[in-house]
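Enquirer: Please read through the structure below; I'll follow up with questions.
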Amino acid sequence: MKFPQSILAITLALINAPVWSSDNDPIKELTKPKSTVNFGTGYLFNDNARFGQYTGLRNEGPYGIFNIDIVRRNDETGTWLKLLGRNLGLQNRDVRFEHSKQGNWGYFIDYSQTPRYEPFTVNTAVTGIGTADVHVPTSPTSGDPAQLKTERQSIGFGYNKFLPGNLEFQLHFRNEDKDGARLFGRGNRLGAPGPKAVGGFEFIPEPINSTIRQFGASLDYVGKQLQLSGGYYGTMYNNKNSVLNVTGGSDVGGIYAPSAFTPIALAPDNQSHQAFLAGGYSFTPTTRGTFKAAYTRATQTNSFSPTLFSAPGVGANLGGRIDTALLQAGLTARPLAKLSINTNFRFEDRDDKTPVLLYNPMATLLDLNGNSWHGFNNPRSFRTITSKFEASYALPKDFRLIGSIDHDHRDRSGFATNTSHRHRTDEISYRAELRRSLSETITGTIAYILSDRFGSSFLTNTTGTGDPFFNLIAPFNLADRTRDKVRLMANWEPIESLSLQLAIDESRDNYGHRAGSDLGLQKGSARNYSLDATYTFSEAWQATAWFSRNETHIDQTSRNPITDSGFREVWNANLQDIGTSFGLDINGKPTDKLETGANLLYSDFTNKFNQKVILDPQINTVPNISTQYGSLRLYAKYEVRKNLGLRLDYILDHFKTNEWTWNWRYTDGTKLTQDTNQMISFVFLSAFYSWQ
23 MKFPQSILAI TLALINAPVW SSDNDPIKEL TKPKSTVNFG TGYLFNDNAR
73 FGQYTGLRNE GPYGIFNIDI VRRNDETGTW LKLLGRNLGL QNRDVRFEHS
123 KQGNWGYFID YSQTPRYEPF TVNTAVTGIG TADVHVPTSP TSGDPAQLKT
173 ERQSIGFGYN KFLPGNLEFQ LHFRNEDKDG ARLFGRGNRL GAPGPKAVGG
223 FEFIPEPINS TIRQFGASLD YVGKQLQLSG GYYGTMYNNK NSVLNVTGGS
273 DVGGIYAPSA FTPIALAPDN QSHQAFLAGG YSFTPTTRGT FKAAYTRATQ
323 TNSFSPTLFS APGVGANLGG RIDTALLQAG LTARPLAKLS INTNFRFEDR
373 DDKTPVLLYN PMATLLDLNG NSWHGFNNPR SFRTITSKFE ASYALPKDFR
423 LIGSIDHDHR DRSGFATNTS HRHRTDEISY RAELRRSLSE TITGTIAYIL
473 SDRFGSSFLT NTTGTGDPFF NLIAPFNLAD RTRDKVRLMA NWEPIESLSL
523 QLAIDESRDN YGHRAGSDLG LQKGSARNYS LDATYTFSEA WQATAWFSRN
573 ETHIDQTSRN PITDSGFREV WNANLQDIGT SFGLDINGKP TDKLETGANL
623 LYSDFTNKFN QKVILDPQIN TVPNISTQYG SLRLYAKYEV RKNLGLRLDY
673 ILDHFKTNEW TWNWRYTDGT KLTQDTNQMI SFVFLSAFYS WQ
């Protein structure tokens with residue numbers, strides 16, 4: 023899709039239209055809208071893979087700068103014309119045109135383009151990248167560099183019309199096309215042929231050629247006490263590539279060899295339709311209720327590819343259908359001068375009506391571990407009920423006490439095979455909070471939150487023959503857990519020009535285990551610290567600074583698959599994520615014509631695995647991952663005359679990592695790497711011209 027010519031024509035027409043001058047009338051200058059056009063050029067020093075991942079600023083060289091913000095108002099008719107264009111000289115451009123008559127009608131048309139370049143370097147001998155027909159070498163082969171990229175192009179339209187009776191009608195539509203290729207693969211267990219492992223993983227880039235359409239309409243009513251909004255919202259997804267046909271590849275492993283896995287089904291077409299009604303009603307000046315009701319039907323009935331293996335009795339398509347009913351209500355009130363209450367309730371029933379059928383008869387055969395499976399798809403229905411009650415009471419000496427109770431109830435369908443499962447979980451949270459204005463310049467808050475998650479018994483994991491399976495680990499979202507959390511917040515203005523905000527919270531988690539198992543999650547913790555400061559040196563100079571540190575950790579225990587000798591090694595890991603970030607922003611006007619500013623950002627993230635086996639010696643320990651990111655942005659803006667100026671920008675961007683999980687080689691010879699130390703400079707000079 024090219025840049026819409028109609029929008030470009032509108033741009034030229036508005037730019038060439040007579041310019042209204044207000045140099046001699048300062049009152050009109052304040053009431054008339056101002057239009058601005060910004061154009062120039064920039065130069066990028068050094069190639070990169072991260073800085074320009076979503077902008078296209080990846081290769082060293084010159085780039086164009088072009089932005090527009092055109093606003094016209096017709097005083098006689100009360101109509102507005104607006105045209106906003108951003109990054110029109112780059113690949114992540116967007117433009118929006120609006121035409122409206124205040125209090126009567128309005129419409130808009132917008133267009134956006136967003137690239138995404140794969141940040142990793144791919145060297146491969148695989149051919150057919152970006153198409154649905156891919157060829158993989160039959161033996162490991164070194165290849166040439168290949169650039170994987172996707173691009174989204176979106177165009178949207180919206181219309182609104184005010185009707186008699188305090189009604190407003192709104193209509194919207196958006197079409198988004200996505201094209202390109204991204205990382206994908208096929209295969210089975212890594213390793214040389216043996217009784218427990220065959221074949222490997224081969225590089226199969228996924229072709230991307232899809233369209234998403236979103237559309238809807240609503241009718242809104244705004245009254246003194248009652249407000250209502252009802253309407254329809256729909257989505258449609260169409261994938262122009264239904265299957266990925268692969269030739270070549272390794273034939274090691276017989277029926278389990280990677281080359282046997284072709285064709286490969288890609289994301290199927292699907293759609294959803296929702297009807298909704300939402301609103302609010304003010305019963306009294308201090309009591310207000312809100313509600314929302316919605317019903318959604320999502321279907322996936324795309325026909326199976328005739329070239330794919332089709333199990334008998336499954337029909338021509340999945341027959342996928344999920345019906346979701348949503349009911350939500352809330353009430354806020356102040357029954358007493360010192361007492362405020364807030365309560366809400368939410369019910370969501372996600373009913374998976376997809377037929378449960380035998381899609382994989384081969385699953386009933388013995389696998390490499392001597393197990394068989396049932397081959398049925400697993401239904402995924404969810405019923406969620408959440409409720410909250412909160413009360414706030416003003417105490418003497420500027421204290422305020424807040425208490426709340428939150429309840430989260432979830433019912434799930436499904437059965438347990440090689441992953442643990444339970445049908446029900448409940449989580450109850452209690453919060454007690456105390457606030458106080460310690461003085462005219464400082465306020466503080468301290469809160470304690472206790473959460474307890476529990477549920478029904480875990481289902482017994484079974485194979486296809488009904489025999490118990492060895493999985494004894496409770497998944498993170500289903501495990502029993504108690505959490506204690508403390509939160510401290512303070513706002514301080516020691517002097518008129520300085521304000522400080524401090525926030526500290528710490529939580530500790532303890533996890534329960536499945537009966538007869540010491541494996542899985544053990545305990546965890548999280549600490550967060552943040553400090554924000556704003557200082558006004560003068561009317562011409564302001565500065566803000568912030569600092570944050572986040573520490574999370576979790577302990578877990580597991581064990582390796584059984585070896586030929588019957589030994590299963592138990593290991594544990596103390597996983598830690600530590601992040602430290604700070605930033606500084608300074609803006610000022612040294613003179614009436616000169617404005618300048620600087621922005622500094624730095625982040626340091628470390629992932630620690632601390633993995634070890636129970637018995638010495640320690641082998642195959644997992645190294646830590648550390649990533650640093652820094653950015654410095656400077657600008658200077660000079661006003662040559664009242665409506666003409668120049669702007670100079672400079673960006674220094676640095677990315678460094680020892681990330682090792684993506685630096686690996688597929689068994690077909692494809693190698694995936696990344697530049698672990700990337701630094702770029704980008705400088706650009708532009709002019710801005712404004713008129714009324």
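Just so you know, this note's numbering puts 703 at position 681 of the sequence shown, and the rest follows in order with no gaps.
Beta carbons are placed, not taken as given, at the ideal position from N, Cα and C, and that holds for glycine.
What span of residues does the beta strand (DSSP E) with residue 92 cover, start to end?
Expert: Translated into positions along the sequence shown, residue 92 becomes position 70. According to the DSSP assignment, residue 92 belongs to the beta strand (DSSP E) that extends over 83–96.
Enquirer: Keeping to the same chain, check which residues put their C-beta closer than 6 Å to that of residue 257; ignore five residues upstream and five downstream.
Expert: Numbered from its first residue, the sequence shown carries residue 257 at position 235. If we look at residue 257 and ignore the five residues flanking it on each side, its Cβ neighbours are 236, 294.
Enquirer: Hey, which unbroken runs of the beta strand (DSSP E) at 3 residues or more fall wholly within the region 581–616?
Expert: 592–610
Enquirer: Which whole-angstrom value describes the C-beta separation of residue 610 and residue 684, a residue pair presumed to lie in contact below a C-beta threshold of 8 Å?
Expert: On the sequence shown, residue 610 is found 588 positions in, with the first residue counted as 1. On the sequence shown, residue 684 is found 662 positions in, with the first residue counted as 1. With a contact defined as Cβ atoms closer than 8 Å, residue 610 and residue 684 miss out at about 42 Å.
Enquirer: So, are the CB atoms of residue 66 and residue 89 less than 8 Å apart?
Expert: By 1-based counting over the sequence shown, the position of residue 66 is 44. By 1-based counting over the sequence shown, the position of residue 89 is 67. It is not a contact, given that the beta carbons lie outside the stated cut-off.
Enquirer: Label residue 704 either buried or exposed according to how many other C-beta atoms from any shown protein chain fall within 10 Å of its C-beta, with 16 as the threshold for buried.
Expert: Locating residue 704 in the sequence shown gives position 682, where the first residue counts as 1. Buried, because 16 or more other Cβ atoms sit within 10 Å of the Cβ of residue 704.
Enquirer: Out of 689, 449, 713, state which residue places its alpha-carbon closest to the alpha-carbon of residue 207.
Expert: Translated into positions along the sequence shown, residue 207 becomes position 185. Closest option to residue 207, Cα to Cα, is 689.
Enquirer: Can you check whether the CB of residue 287 is closer than 8 Å to the CB of residue 268?
Expert: Along the sequence shown, one-based indexing puts residue 268 at 246. Along the sequence shown, one-based indexing puts residue 287 at 265. The answer is no: Cβ separation not under 8 Å.
Enquirer: The ligand HEM heavy atoms versus the CB of residue 393: any closer than 7 Å?
Expert: As for the ligand HEM, it is missing from this structure, which has no ligand bound.
Enquirer: Output needed for residue 202: all residues of its chain with C-beta closer than 6 Å, excluding positions within five of it in sequence on either side, in chain order.
Expert: The residue given as residue 202 occupies position 180 in the sequence shown. Answer for residue 202: 171, 172, 173, 230, listed in chain order.
Enquirer: So within the region 301–363, which uninterrupted beta strand (DSSP E) runs reach at least 3 residues, ignoring any that extend past its ends?
Expert: 309–322, 342–358
Enquirer: Where are the beta strand (DSSP E) runs, 3 residues long or more, that stay fully inside the region 541–583, in chain order?
Expert: Unbroken beta strand (DSSP E) stretches of 3 residues or longer found wholly inside the region 541–583: 542–558, 563–581, given in chain order.
Enquirer: State the DSSP-derived secondary structure class of residue 139, mapped to helix, strand or coil.
Expert: As a position in the sequence shown, residue 139 is number 117, starting the count at 1. Three-state result, residue 139: strand.
Enquirer: Let me know if residue 729 comes out buried or exposed under the rule of 16 or more other beta-carbons within 10 Å of its beta-carbon.
Expert: Summary: the structure shown does not reach residue 729, with the chain confined to residues 23 through 714, and so no result is reported for it.
Enquirer: Among the candidates 540, 455, 511, 517, whose CA atom is the shortest distance from the CA of residue 493?
Expert: Here residue 493 refers to the residue found at position 471 of the sequence shown. For residue 493, the nearest C-alpha among the options comes from 540.
Enquirer: Between which two residues does the beta strand (DSSP E) containing residue 516 stretch?
Expert: Indexing the sequence shown from 1 puts residue 516 at position 494. Start and end: 503–517.
Enquirer: Give me the Cβ distance between residue 650 and residue 678, rounded to the nearest whole Å; I'm assuming they're in contact under 8 Å.
Expert: Taking the sequence shown and counting its residues from 1, the one referred to as residue 650 is at position 628. Taking the sequence shown and counting its residues from 1, the one referred to as residue 678 is at position 656. Confirmed, Cβ separation roughly 5 Å.
Enquirer: Can you list, in chain order, the stretches of the beta strand (DSSP E) that have 3 or more residues and sit fully within the region 662–710?
Expert: 666–679, 693–695
Enquirer: Would you say residue 649 reaches chain B, if we count a Cβ-Cβ gap shorter than 8 Å as a contact?
Expert: Structure shown: chain B not included; a single protein chain is present.
Enquirer: First and last residue of the beta strand (DSSP E) that includes residue 261?
Expert: Here the question's residue 261 lines up with position 239 in the sequence shown. Element bounds for residue 261: 248–261.
Enquirer: Cα separation between residue 400 and residue 378?
Expert: As a working note, residue 400 is residue 378 in the sequence shown. As a working note, residue 378 is residue 356 in the sequence shown. One C-alpha to the other measures close to 7 Å.
Enquirer: If contacts are defined as beta-carbon pairs under 8 Å, then residue 356 and residue 308 qualify, I think. What distance do you get, rounded to the angstrom?
Expert: Walking along the sequence shown from the start, residue 356 turns up at place 334. Walking along the sequence shown from the start, residue 308 turns up at place 286. Confirmed, Cβ separation roughly 4 Å.
Enquirer: Hey, out of 396, 352, 449, whose CA is closest to residue 483's CA?
Expert: For the purposes of this step, residue 483 is identified with residue 461 of the sequence shown, where counting begins at 1. Looking from the CA of residue 483, the closest CA among 396, 352, 449 belongs to 396.
Enquirer: With a 10 Å radius around its C-beta and 16 neighbouring C-beta atoms as the bar for buried, classify residue 227 as buried or exposed.
Expert: For the purposes of this step, residue 227 is identified with residue 205 of the sequence shown, where counting begins at 1. Burial call: buried.
Enquirer: Given a cut-off of 8 Å, decide if residue 648 and residue 680 are closer than it, judged by their beta-carbon atoms.
Expert: Looking up residue 680 in the sequence shown gives position 658. Looking up residue 648 in the sequence shown gives position 626. The answer is yes: Cβ separation under 8 Å.
Enquirer: Once the 5 residues before and after residue 363 are set aside, which same chain residues still bring their CB inside 6 Å of it?
Expert: Taking the first residue of the sequence shown as position 1, residue 363 is located at position 341. Here the set comprises 355, 413.
Enquirer: Helix, strand or coil, according to DSSP, for residue 658 in the structure here?
Expert: Walking along the sequence shown from the start, residue 658 turns up at place 636. In this structure, residue 658 counts as strand in the three-state DSSP scheme.
Enquirer: Just to confirm, is the Cβ distance from residue 311 to residue 352 under 8 Å?
Expert: Locating residue 311 in the sequence shown gives position 289, counting from the first residue. Locating residue 352 in the sequence shown gives position 330, counting from the first residue. In this structure, residue 352 lies closer than 8 Å to residue 311 by Cβ.
Enquirer: Is it buried or exposed for residue 542, if we count other Cβ within 10 angstroms and need 16 for buried?
Expert: Residue mapping note: residue 542 aligns to position 520 of the sequence shown, counting from 1. Buried, since its Cβ has 16 or more Cβ neighbours within 10 Å.
Enquirer: If you draw a straight line from the C-alpha of residue 441 to the C-alpha of residue 526, how long is it?
Expert: By one-based count along the sequence shown, residue 441 stands at place 419. By one-based count along the sequence shown, residue 526 stands at place 504. About 37 Å.
Enquirer: In its own chain, which residues sit with a C-beta less than 7 Å from the C-beta of residue 621, not counting the 5 before and 5 after it?
Expert: As a position in the sequence shown, residue 621 is number 599, starting the count at 1. Hits under 7 Å: 607, 655.
Enquirer: Pull up the DSSP beta-bridge partners for residue 203, would you.
Expert: Position 181 of the sequence shown, counting from 1, holds the residue named residue 203. Answer by DSSP bridge pairing, in chain order: 229.
Enquirer: Go through its chain and collect everything with a Cβ distance to residue 72's Cβ below 7 Å, but skip five positions before and after it.
Expert: For the purposes of this step, residue 72 is taken as residue 50 along the sequence shown, with counting starting at 1. Within the same chain, 141, 677, 700 come within 7 Å of residue 72 by CB-CB distance, once the 5 residues on both sides are set aside.
Enquirer: Does DSSP put residue 719 in a helix, in a strand, or in coil?
Expert: The displayed coordinates of the chain run from 23 to 714. Any statement about residue 719 would go beyond what the structure contains.
Enquirer: Give me the DSSP bridge partner(s) of residue 373.
Expert: Along the sequence shown, read from residue 1 onward, the residue named residue 373 stands at position 351. According to DSSP, residue 373 bridges with 345.
Enquirer: Since residue 329 contacts residue 285 with CB under 8 Å, what's their CB separation in whole angstroms?
Expert: Reading the sequence shown from its first residue, position 307 is the one you call residue 329. Reading the sequence shown from its first residue, position 263 is the one you call residue 285. Contact holds; Cβ gap of about 5 Å.
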